[in-house]
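Peer 1:
Number of protein chains: 2
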Amino acid sequence: MGRPRYLRVADALRVPILDGALPPGARLPSRAQLARRHEVSEQVSRNALRLLIAEGLVESRPGSGYYVREVPESYRFARTDRFSGSLLRPLAGEDRDTITRPACDRMAERLGIGEGEPLYRTRCVGTAGGAPVAVHTSWEPAVLTHNTTRAPGDADAETGVLERLAAAGVVIDRVVEEVAVLPLTEPEAVLLRLAPGAPVLVVERTHYSGQRPVETSDLVAVVERCRLSYRLSLARTPAGGGPRPDPHR
Amino acid sequence: MGRPRYLRVADALRVPILDGALPPGARLPSRAQLARRHEVSEQVSRNALRLLIAEGLVESRPGSGYYVREVPESYRFARTDRFSGSLLRPLAGEDRDTITRPACDRMAERLGIGEGEPLYRTRCVGTAGGAPVAVHTSWEPAVLTHNTTRAPGDADAETGVLERLAAAGVVIDRVVEEVAVLPLTEPEAVLLRLAPGAPVLVVERTHYSGQRPVETSDLVAVVERCRLSYRLSLARTPAGGGPRPDPHR
DNA sequence: AAGTGGTCTAGACCACTAT
DNA sequence: TAGTGGTCTAGACCACTTA
Numbered sequence: 001m002g003r004p005r006y007l008r009v010a011d012a013l014r015v016p017i018l019d020g021a022l023p024p025g026a027r028l029p030s031r032a033q034l035a036r037r038h039e040v041s042e043q044v045s046r047n048a049l050r051l052l053i054a055e056g057l058v059e060s061r062p063g064s065g066y067y068v069r070e071v072p073e074s075y076r077f078a079r080t081d082r083f084s085g086s087l088l089r090p091l092a093g094e095d096r097d098t099i100t101r102p103a104c105d106r107m108a109e110r111l112g113i114g115e116g117e118p119l120y121r122t123r124c125v126g127t128a129g130g131a132p133v134a135v136h137t138s139w140e141p142a143v144l145t146h147n148t149t150r151a152p153g154d155a156d157a158e159t160g161v162l163e164r165l166a167a168a169g170v171v172i173d174r175v176v177e178e179v180a181v182l183p184l185t186e187p188e189a190v191l192l193r194l195a196p197g198a199p200v201l202v203v204e205r206t207h208y209s210g211q212r213p214v215e216t217s218d219l220v221a222v223v224e225r226c227r228l229s230y231r232l233s234l235a236r237t238p239a240g241g242g243p244r245p246d247p248h249r
Numbered sequence: 250m251g252r253p254r255y256l257r258v259a260d261a262l263r264v265p266i267l268d269g270a271l272p273p274g275a276r277l278p279s280r281a282q283l284a285r286r287h288e289v290s291e292q293v294s295r296n297a298l299r300l301l302i303a304e305g306l307v308e309s310r311p312g313s314g315y316y317v318r319e320v321p322e323s324y325r326f327a328r329t330d331r332f333s334g335s336l337l338r339p340l341a342g343e344d345r346d347t348i349t350r351p352a353c354d355r356m357a358e359r360l361g362i363g364e365g366e367p368l369y370r371t372r373c374v375g376t377a378g379g380a381p382v383a384v385h386t387s388w389e390p391a392v393l394t395h396n397t398t399r400a401p402g403d404a405d406a407e408t409g410v411l412e413r414l415a416a417a418g419v420v421i422d423r424v425v426e427e428v429a430v431l432p433l434t435e436p437e438a439v440l441l442r443l444a445p446g447a448p449v450l451v452v453e454r455t456h457y458s459g460q461r462p463v464e465t466s467d468l469v470a471v472v473e474r475c476r477l478s479y480r481l482s483l484a485r486t487p488a489g490g491g492p493r494p495d496p497h498r
């Protein structure tokens, strides 16, 4: 009774899609067919299909029909704790580009330095299947590797931050990552070929050496095609020592 | 010309919302008023408003009107590695609810058990400022704590999985979290009071005891209101042992 | 040429809110 | 009681794909 008809029609399609009876690529009945079959108006079948589209299960091809959506291959960012060399797997198909800029107030705060201090900013675009899927932008105080052969631009693309800075005598022992979904802003929108305002997955990451932040970065990733995969160890230190857990309240 | 009318009506509302001329909480013209003002049918103003709702700019209050959405304070989920008692800070304002169900194929796979084996499913809704912000659903093989006082329903809400299962003799030493942004589906949509299809932040988490998965859960969180905060240690275990400094400070 | 999805019009009923 | 949003019906035209 109370349940709106378009939800019932949507249910009738969602079930076979989710259990595989309607596999990806399969064509759904047309609006008119659905309307006849469920004895509803065409608007009702429209609403049902629109809902399934919004849920990401169905796509429409104008002039052709509604189809079960192919699940897009997703790009997985692997993150782990202490046993990992670099939390961020190097992006494939990258064009790395390093420049020197004075710290803006936001970066000065994230890196705990003075505004205007020189930073290396490194940016690269990750692609998968020809399409850009993520933009990674990293900022690092120039003072750390200035006049060494370990500046961001010197290292080859496969070298992680941890190795590079370790070689420069900076030991990274801690990382903080903030994950959020934010509206896409203009500069990244161009690189990702998306409309500004589209939701994107953002990871703000900061590497620390003791109390001191030594590198910070933003990963801006296309929502539909990216996943983060955290693999974390929870084993207590074998020796009976070990301080009590800090639950970060 | 070609631009559909409902997009033009939506534009006419989006501009004043984004530049603050229509502040959060402001009431928009009703469907009928919009239709008259723009000389379109009421369905067109309906479509325009539905688009703005999907964009997260507007909310509807049935019987009352359409309003510019209040931008909510965000809720932070703290995650850490081995020093944390529970990765997921207990949700505030929770209504915990535990039932016993046979494992569906998806859960059987995640938990590495046979389809149909009994599971405890625990669900709670996290709220902030009165509004639901996340749904956490956890699945755990009943065999682990069956006939003990450590089943999910027995523990008080503040006890984390790690402590509870440890008390039942199951030592969790590893966790894998998959973070993605997915379209919201119907069952969670009701709990979160959101439209199905809205993007939500999803964390699929699995706790392991050695190679064996012992608990898995889905956290479905409202995108605009939730952040994940990972604090991870990268320090190698020092050979000498001794009490380790807390790396999360 | 027929079918399809995208859009649009012009009505309607219901449950709910505001007054 | 009047207004509102949510849903629904029964039509229609257009651009596009398919055969």
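Residue numbers (our numbering), protein chains in the order written: chain A, 1 to 249; chain B, 250 to 498.
Yeah, the Cβ is synthetic: ideal placement off N, Cα and C, and Gly gets one too.
As the structure is a computational prediction, the values presented were derived from the model and not from experiment.
(1) Can you give the beta carbon distance from Ala383 of chain B to Val471 of chain B, rounded, assuming they're within the 8 Å contact cut?
(2) Could one say the Cβ of Leu144 of chain A lies closer than 7 Å to chain B's Cβ atoms, at least one of them?
(3) Residue ranges of each alpha helix (DSSP H) run of no fewer than 4 residues wholly in the segment 90-121 of chain A, ordered along the chain?
(4) Return the first residue and the last residue of the alpha helix (DSSP H) that Pro16 of chain A is part of.
(5) Can you tell me whether Gly305 of chain B is buried or exposed, with buried defined as 16 or more other CB within 10 angstroms of its CB?
(6) What is the rounded straight-line gap between the Cα of Pro23 of chain A and the Cα of Leu441 of chain B?
(7) Can the beta-carbon of Leu184 of chain A be found closer than 7 Å to that of Ile172 of chain A?
(8) Near His248 of chain A, what residues of its chain come up, given a Cβ to Cβ distance below 7 Å and the 5 sequence neighbours on each side ignored?
(9) Are the beta-carbon atoms of Arg295 of chain B and Arg280 of chain B separated by less than 7 Å?
(10) Could you give the distance in angstroms between the alpha-carbon of Leu431 of chain B and the alpha-carbon of Val451 of chain B?
(11) When the Cα atoms are used, what is the spatial distance from His287 of chain B to Ala297 of chain B?
(12) Who are the Cβ neighbours of Ile348 of chain B in its own chain at under 7 Å, not counting the five residues just before and after it?
(13) Determine the chain B residues that contact Gly56 of chain A at a beta-carbon separation under 8 Å, and present them in chain order.
(14) Once the 5 residues before and after Val9 of chain A are set aside, which same chain residues still bring their CB inside 7 Å of it?
(15) Note down, in chain order, every chain A residue with its Cβ under 7 Å from the Cβ of Ser279 of chain B.
(16) With a threshold of 8 Å on Cβ separation, who are the neighbours of Gly365 of chain B within its own chain once the five nearest residues in sequence on each side are excluded?
(17) Quick check: Arg231 of chain A and Tyr208 of chain A, are their CB atoms within less than 7 Å of each other?
(18) Using the C-alpha atoms, what's the distance from Arg212 of chain A back to Ala166 of chain A?
(19) Let me check understanding here. Comparing Cα to Cα, which of A:Ala12, A:Gly65, A:Arg106 lies closest to Ala26 of chain A?
(20) Ala228 of chain A to Arg285 of chain B, Cα distance in whole Å?
(21) How many angstroms separate the CA atom of Arg325 of chain B from the CA atom of Gly375 of chain B?
(22) I'd like the ranges of any beta strand (DSSP E) spanning at least 3 consecutive residues and lying wholly in the segment 172-237 of chain A.
(23) Less than 7 Å between CB atoms is the rule here; does Leu368 of chain B satisfy it with respect to chain A?
(24) How far does the beta strand (DSSP E) with Arg79 of chain A in it extend, from its first residue to its last?
(25) Identify the contact partners of Glu427 of chain B in chain A, using a Cβ-Cβ distance below 9 Å as the criterion.
(26) Using the beta-carbon of each residue, which ones in chain A are nearer than 9 Å to Arg285 of chain B?
(27) Going by other Cβ atoms of all chains shown within 10 Å of its Cβ, with 16 needed for buried, is His146 of chain A buried or exposed?
(28) Could you work out which residue in A:Thr206, A:Glu59, A:Glu224 is closest to Asp218 of chain A when comparing CA atoms only?
(29) What did DSSP end up calling Leu88 of chain A once you bin it into helix, strand or coil?
Peer 2: Short version:
(1) 7 Å
(2) no
(3) 105-111
(4) 5-18
(5) buried
(6) 29 Å
(7) no
(8) Unreliable positioning characterises His248 of chain A in this predicted model, as indicated by a pLDDT of 29, which lies under 50. A coordinate reading is not provided.
(9) yes
(10) 7 Å
(11) 12 Å
(12) Arg370
(13) Leu431, Pro432, Gly446
(14) Leu34, His38, Val40, Val44, Ser45, Ala48
(15) The contacting residues do not exist; Ser279 of chain B stays about 21 Å from chain A at best.
(16) Pro351, Ala352, Ala357
(17) no
(18) 14 Å
(19) A:Gly65
(20) The sequence shown places Leu at residue 228 of chain A, not Ala. Rounded to whole angstroms, Leu228 of chain A to Arg285 of chain B spans 48 Å at the Cα level.
(21) 11 Å
(22) 174-183, 199-209, 212-222, 226-233
(23) no
(24) 75-80
(25) Arg76, Arg227, Leu228, Ser229, Tyr230
(26) Simply none; closest approach about 22 Å.
(27) exposed
(28) A:Thr206
(29) In this prediction, Leu88 of chain A scores a pLDDT of 47, lower than 50, which makes its location untrustworthy; no coordinate-derived value is stated.
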